[in-house]
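In the working numbering, the protein residues as written are 149 to 351.
Pasting the structure below:
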């Protein structure tokens, strides 16, 4: 019994070591286009504009299993406008840290499809408030939590093109409105979701 136990332990260790050795850790860079989707709980006229993101990334794959992770540190810029007369530009600048679980649907193919999703943590580079009009102020929050859901194709396992939707779970910014008639301050919320088109290369 003892010999059988030690044999099982030895086999488990060998399998773990083999899997670890076969695992692929790849470093690269990714960047792309943000198609901002501004969401407001007010009736303000809004205009969505384009932004971009870029930064280093790493990818970890378990060959043969079709599973992996990727993570990145990105400079992320999103742009929108609010109001009609006057029009106020709202440019969000963040450092974002996305971490995604990946499922490769054809892990051994030269050209394969993958789906992915996971959390993203954002830290704002915007400081201070921005005046919308005489009665309202816009202020980006210091941090933001969101979720990515997307799909893409990989070519030769190291060139990737993907599309995902980034869903903000909390608030991107606060809109503070002063009702001068009754001298009352009201707070409204805004979210900057985004469709993201990404290109990445790993070595």
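Cβ atoms here follow ideal geometry from the backbone N, Cα and C, with glycine treated the same way.
Query	Result
Residue 349 versus 203, 188, 252, residue with shortest Cα-Cα distance	203
Three-way DSSP call (helix, strand, coil) for residue 305 in this model	coil
Secondary structure of residue 235, DSSP reduced to three states	coil
First and last residue of the uninterrupted beta strand (DSSP E) at residue 225	222-230
Same chain, Cβ closer than 8 Å to residue 193, neighbours up to 5 away in sequence not counted	230, 231, 232
Beta-carbon spacing of residue 227, residue 199 below 8 Å	yes
Simplified DSSP state of residue 257, which is helix, strand or coil	coil
Expected contact under 8 Å - CB spacing of residue 296 and residue 265 to nearest Å	6 Å
Per DSSP, the bridge partner or partners of residue 267	295
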